[in-house]
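Notes for the one structure printed next.
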Amino acid sequence: MLDYIIKDGLVIDGSGAEPVTANVGIQSDRIAYIGTDRPDARETIEAKGLIVSPGFIDTHAHSEFTLLADGRAEGKIHQGVTTEINGNCGLSAAPLRGEAAERRTADLEELGIRERWSSFNEYLSLLRQKGTALNFATLCGHGNIRASVIGYKDRVPGVKELSEMRQLLAEAMREGAKGLSTGLIYPPGVYATTEELIVLSKSISSVGLYASHMRSEGDALIESITESIRIGEEADIPIHISHVKTSGQKNWGKIDAAIETIEAAQARGIRLTGDRYPYIAASTDLDAVLPSWVYEGGIEEELRRLRTSDTAERIRTELRSKDEHYWKGIFISSTVKAENKWMEGESLFDIARKRGKDIIDALFEILVDERARTGAIFFSMNEDNLRRFLSLPYVMIGSDSSVRSFSGPTCTGKPHPRGFGTFPRFIGRYVRDERLMHLPEAIRKMTSLPAMIFGLHRRGHIREGYYADLVVFDYERIIDKATFEYPYQRPEGVHYVMVNGILALKEGEVTGSRSGMIV
955 MLDYIIKDGL
965 VIDGSGAEPV
975 TANVGIQSDR
985 IAYIGTDRPD
995 ARETIEAKGL
1005 IVSPGFIDTH
1015 AHSEFTLLAD
1025 GRAEGKIHQG
1035 VTTEINGNCG
1045 LSAAPLRGEA
1055 AERRTADLEE
1065 LGIRERWSSF
1075 NEYLSLLRQK
1085 GTALNFATLC
1095 GHGNIRASVI
1105 GYKDRVPGVK
1115 ELSEMRQLLA
1125 EAMREGAKGL
1135 STGLIYPPGV
1145 YATTEELIVL
1155 SKSISSVGLY
1165 ASHMRSEGDA
1175 LIESITESIR
1185 IGEEADIPIH
1195 ISHVKTSGQK
1205 NWGKIDAAIE
1215 TIEAAQARGI
1225 RLTGDRYPYI
1235 AASTDLDAVL
1245 PSWVYEGGIE
1255 EELRRLRTSD
1265 TAERIRTELR
1275 SKDEHYWKGI
1285 FISSTVKAEN
1295 KWMEGESLFD
1305 IARKRGKDII
1315 DALFEILVDE
1325 RARTGAIFFS
1335 MNEDNLRRFL
1345 SLPYVMIGSD
1355 SSVRSFSGPT
1365 CTGKPHPRGF
1375 GTFPRFIGRY
1385 VRDERLMHLP
1395 EAIRKMTSLP
1405 AMIFGLHRRG
1415 HIREGYYADL
1425 VVFDYERIID
1435 KATFEYPYQR
1445 PEGVHYVMVN
1455 GILALKEGEV
1465 TGSRSGMIV
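The sequence shown begins at 955 in the working numbering and counts up by one.
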């Protein structure tokens, strides 16, 4: 007898093939039957009129710490996400040694995480003990490796240091990492040369991929894509461009050149993919607006420069090139001090006006007061370009968000709504309403394609013997409800989510299960 039978659903299997009406049987953690018969099962899920697809794979997540703090992952489970790829943008759960560990202390304390670790093995052991509602996969952050060895210094690593960095990466790969990620606008990744990244990538070219938040997604977009391609060619490693975009109005016209550059490389045999979220606003730390030289030496040095008159004036001079439109597009998403909570959801422009301050002076005051831990949302992208990127067959869907729940330690601030709406929004708005592509192709981009690219074995398809990661949703009703003003809103239209054969969402309500695996 089967554990579950999902009956009479319209099955889209993840391959891109047309849907078929079928019954799907689950036994233990696997799909045991697909067909038109109705074998006995302990529980029946009526799916007539609903879509049955593989669980969605979030190819760009940042949940290493929030998932440890609260494994319920309600914001993702409600979307139909059953697996996340973490460790993006150069930041991962491990290795955490030296200055890398020191830099993360405040994050862990803010989430109430008392445990400490230095390796992936130690971290993953903790994650297994606590349990997670969804599956966890990870890349190894270049920022972790560099900061663990040479800290936040702007210099080239010595021969011995580079060897140690390679050893840390090799250890991470043995312990389960899927590849190397970089965050080349953040310290310390911003200090890395192309040659350093090629050396590290060569050491894992046969077993992993290189995923990059590139040096620029705007003014130097084409040059940054070219650098990524060079790394792929010289290291013979697959390349994945994180949250591919054209940032800043003056750069919107670069989309043709960007796509042509990518596809010319693919035609030469470079294995190149990307991910994107279905929104025109980005989100990161507020201090990302500062010139990269300000970050050198770590947080204390950054704050010292903001407080010191000569260096502060140099920063102010470099920022004056940004116009009023730029500042009006930056909104505060999270603050660490209670007295600053009123800023959440407000634009930097309006905050400065309310304080009677110059915008740059207000920026400096916030960063110093909050010790550069303020989160922000940046409206800088173009809707037409977003549609084009989403339509590309090699671009997958990634939320670029951490897991959060509707209560508890992760329910804070006004985070980007993509953490609660990415996948329903992509399906409901862009596939169903705007008809960017057929639904089977959209499902492929969220399931089998990322499973193949990131090496998730026996996932991403509805096939007998595959893990029972499944989502049952109403194609006519699925849509996101989260907004920038009210992000903590559940989407509509997702009825059931199954993770490794256990229901994580039943009739639209989370079950509290912790059946996720390390994959």
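Glycine included, every Cβ here is placed at the ideal spot set by N, Cα and C.
Around the beta carbon of residue 1110, fewer than 16 other beta carbons lie within 10 angstroms, which makes this residue exposed. Counting along the chain, residue 1333 sits inside the beta strand (DSSP E) bounded by residues 1329-1333. Between the stretch 1262-1282 and the stretch 1235-1245 there are three or more C-beta pairs closer than 8 angstroms, enough to call the two in contact. The alpha-carbon separation between residue 1169 and residue 1025 amounts to approximately 32 angstroms. Bounds of the beta strand (DSSP E) holding residue 985 are 984-989. Here the alpha carbon of residue 1137 sits roughly 8 angstroms from the alpha carbon of residue 1042. Rounded to whole angstroms, the separation of the alpha carbons of residue 1203 and residue 1021 is 35 angstroms. When the Cα atoms are used, residue 1404 and residue 1012 turn out to be separated by approximately 8 angstroms.
Cβ contact annotation for residue 1336 (same chain, cutoff 7 angstroms, sequence separation greater than five): 1200, 1206, 1234, in chain order. If the five residues before and after residue 1118 are omitted, its C-beta is found closer than 8 angstroms to the C-beta atoms of 1103, all from its own chain and listed in chain order. For residue 1037, the closest of 1050, 1087, 994, 1060 by C-alpha to C-alpha distance is 1087. The beta carbon of residue 1000 is closer than 8 angstroms to those of 961, 962 in its chain, skipping five residues each way along the sequence. When the beta-carbon positions are compared, residue 1033 and residue 1445 come within less than 8 angstroms of each other. CA-CA distance, residue 1326 to residue 1282, rounds to 20 angstroms. In the three-state reduction of the DSSP assignment, residue 1470 falls in the coil class.
DSSP, read as helix, strand or coil, puts residue 1398 in helix.
Of the residues 957, 964, 955, the one whose Cα lies closest to the Cα of residue 1416 is 964. Residue 1221 counts as exposed, since fewer than 16 other beta carbons sit within 10 angstroms of its beta carbon.
Bridge partners of residue 981 according to DSSP: 984. In the DSSP assignment, residue 1089 falls outside any alpha helix (DSSP H) and within the unbroken beta strand (DSSP E) covering 1089-1092.
Under DSSP, residue 971 forms no beta bridge with any residue. Annotation for residue 1115: 1103, 1104 place their beta carbon closer than 8 angstroms to its own, counting only its chain and skipping 5 residues before and after. Runs of the beta strand (DSSP E) lying entirely within the stretch 1349-1374 and spanning at least 3 residues, in chain order: 1349-1351. Going by DSSP, residue 1198 is part of no alpha helix (DSSP H) at all; its letter is neither H nor E.
Look at residue 1347 here: in three-state DSSP terms it is coil, with no helix or strand label.
Note that the C-beta distance between residue 1359 and residue 1028 is below 8 angstroms. Taking the C-beta atoms as reference points, residue 1466 is found no nearer than 8 angstroms to residue 957.
Relative to residue 1153, the option among 1140, 1132, 1187 whose CA is nearest is 1187. Exclusion of the five residues before and after residue 1285 leaves 1301, 1331 as the residues of its chain whose Cβ lies within less than 6 angstroms of its Cβ. Between the C-alpha atoms of residue 1124 and residue 1163 there is a straight-line separation of about 13 angstroms.
Residue pairing for residue 1463: DSSP places it in a beta bridge opposite 1460.
Looking at 1068, 1263, 1073, 1146, the one whose alpha-carbon comes closest to that of residue 1051 is 1073. Residue 1280: not part of any beta strand (DSSP E); member of the alpha helix (DSSP H) spanning 1278-1282, first to last residue. DSSP places residue 1241 within a helical segment (H, G or I) once states are collapsed to three. In the three-state reduction of the DSSP assignment, residue 1119 falls in the helix class, which pools H, G and I.
Residue 1397 and residue 1407 have their C-alpha atoms some 15 angstroms from each other.
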